[in-house]
Each structure stands twice: as C-alpha cells, then as structure tokens.
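In the UniProt record's numbering, the protein residues as written are 1 to 341.
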C-alpha cells in the first residue's frame, strides 16, 4: 500500500531541522551497530560483517532518501535487508533453549521495518516482517531450537504493529499539516505579490507626482501653460504610455534617453510582448543598453524598441529610421547583439 497523502518527509512531521535530522540518523545507525556487534562473537566474521553492512546501508537509505513514499527499489532493498541479515546470523545459534544473542538481529530489523512504515510503505514493511518470521520459524523447525526462542524472537514484530497503528492515527494530522502548509504558502505568495504591487504603485505615483504635480496644479488653477510646459506635458504623456505598453523596458536610463530623443523631435515607440520571460537578467540589460545607445544618437526620424514574444530567436529589436538610412539592432536569447543597415 502506498499512502499518496503523505505530505512531506519525516523530518517535517517530527519537526526535525537539518542538524537534528542528521543527529537522528547517527543515533539510529549507532543503535544498529550496538545490536549487531554481538554477532562477531558467535557468527563467522564474514557473515557478521555482511549483516552489519547490509543493515547500516538500509538504515541510511530509509532515513536519508528525500522522497516520500520511498521509491520501490529502495523499498525492496530495505524490506529485504533485515531478513537477509537474520539469515546470515541466526543459523549459528547453538543454545537449545532460552533467548540467544544471535536473535538480537530481530530488534534492529523491526526498527528498520518500522521506519519503512513511516516512509509510506506499510504493506512492504509487513512483507518484510513475514520474511523475517519465515527465517526464524524455518530455523526453529529444522534445528533444535526451543519454542520459547522462536516466540521471543518474534516479539519485536510488535514494534512494527505499534508504528502502523500510530500512522493510521496520525495520517489525518498529516493531511491537516499539508493543507495548512499549502495555505500558508499561498497566503505568503499572495501577500508578497500585493506588497510588490503596492510598492510599485507607490513608486510610480511618487514619480508621477514629482513630474506632473506642478503642471496639474497650474492647470487646476486655470493658469495658461507656456510652450515649454506644453512640451513637458507631451513628454510626460509619452512616458506614461511607455509604462503601459512596455513595463519591462521602463528604467530610469531608458526613460531619460527616450525623453531626450523625443525632445529632439524623434518619434519613440516602446513595445513589450513578453519576451523577457525565461531569459537571464543580463540579456534584458543588453537590450536596454542597445536601446539607450540608439536613442542617444538619434536626431531625427523614429526609433522603435520592441520586445518580441516568448519563443522567438530574437528577444528584442531596435529599429532606427532616419533620413540618412535605417539601422536594425537585434538581440538574441544569448544576449548577442547584431546590427544591420
């Protein structure tokens, strides 16, 4: 069974930060080593070492792998690691009664399978329990083990059962945590967008008030504007139109260059069809620099700066039409500038 409602990793569920999460990993690995070290006193070193490495790697996989539920290859490895480690160590049991040290491998196996339950692989964990029990029962049938030995070796299964019950209880809480986190993220994004929009609006209103405030005050007072003031109104109207047509092109440098060109009688048109989406900021900087250079040198005619739609070969074009000839500047998605006449 795969619980597709798992909202996030175990570290989020239990409130583990990066530091405490790695501390938990170290403690879990140390626990496994502590349980399995007794196998070196009884089983052949190769078998004991193989069991230790197998369990340690499985513990690292079940704890560190970043995706919930755990991917199937990792799930199969973790579910098989415990039974395989038990198969490597329990055959060396010599005691005919009571509880033997070799069976301590059952405890870290149960911890490993319990972690598998926490990672959203409940059925796989219980298949691992069944495999571990099969190993123990098989050894009990074909050896002289006392029945008490087999029964006591199976008691760690209760750990997996307890964690399974815990997960069935906490799953609604997980869903609530996921919904709360999603709602908090949406609210934060909305608030950030509103704050950015308000800041931009305040900036534009402040700039408009500084430039247009005195002129609007004179108009409201019924004072006739001079030719210079009428020219300022014309330039201001053009700048406001630029802000609506090409918001991504409007910067202090480009606005100043466009104002200067218009004051010299050049017809300036700025258009933005959204081509800056998905390109680096320095490409936008190259486009603005090319437009500023063209506007600063224009003395007559017209200059059209256009940001092309997304997906075109060229991000933007700057077309300067003058009595002496036309010049076309093209900037591609790599920021390269090509000029043709």
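The beta-carbon is built from N, C-alpha and C at its ideal position, and this holds for glycine as well.
Asked	Found
8 Å Cβ cutoff met for residue 115 and residue 154	no
Residue 209 (DSSP reduced to helix, strand or coil)	helix
Span separating the alpha-carbon of residue 132 from that of residue 54	15 Å
Bounding residues of the alpha helix (DSSP H) (the contiguous stretch that carries residue 236)	227-245
Integer Cβ distance of residue 314 from residue 289, believed to fall under 8 Å	Not confirmed; about 16 Å, so no contact.
From 117, 138 and 87, residue whose alpha carbon lies closest to that of residue 169	117
Residue 97, buried or exposed, once every other Cβ within 10 Å from all chains shown has been counted against 16	Unreliable positioning characterises residue 97 in this predicted model, as indicated by a pLDDT of 47, which lies under 50. A coordinate reading is not provided.
Close-in-space but distant-in-sequence residues of the same chain around residue 51 (CB under 7 Å, 5 per side omitted)	36, 39, 85, 88, 89 and 105
Through-space distance from residue 233 to residue 214, alpha-carbon basis	11 Å
The segment 264-284 / the segment 217-231 touching (three or more Cβ pairs under 8 Å)	no
Same chain, Cβ closer than 7 Å to residue 124, neighbours up to 5 away in sequence not counted	75, 79 and 116
DSSP three-state assignment for residue 195, whether helix, strand or coil	helix
Boundaries of the alpha helix (DSSP H) in which residue 294 is found, first to last residue	281-297
Residue 326 in three-state terms, based on DSSP	strand
Residues of its chain near residue 204, where Cβ-Cβ distance is below 8 Å and the 5 sequence neighbours each way are ignored	243
Residue 284 Cβ short of 7 Å to the ligand NAP heavy atom set	Absence of the ligand NAP is noted for the structure shown, with no ligands found whatsoever.
Cβ distance (whole Å) where residue 328 is taken to contact residue 316 below 8 Å	In fact, because the Cβ distance is near 11 Å, the residues do not count as touching under 8 Å.
Reduced DSSP secondary structure (H/G/I, E/B, other) of residue 339	strand
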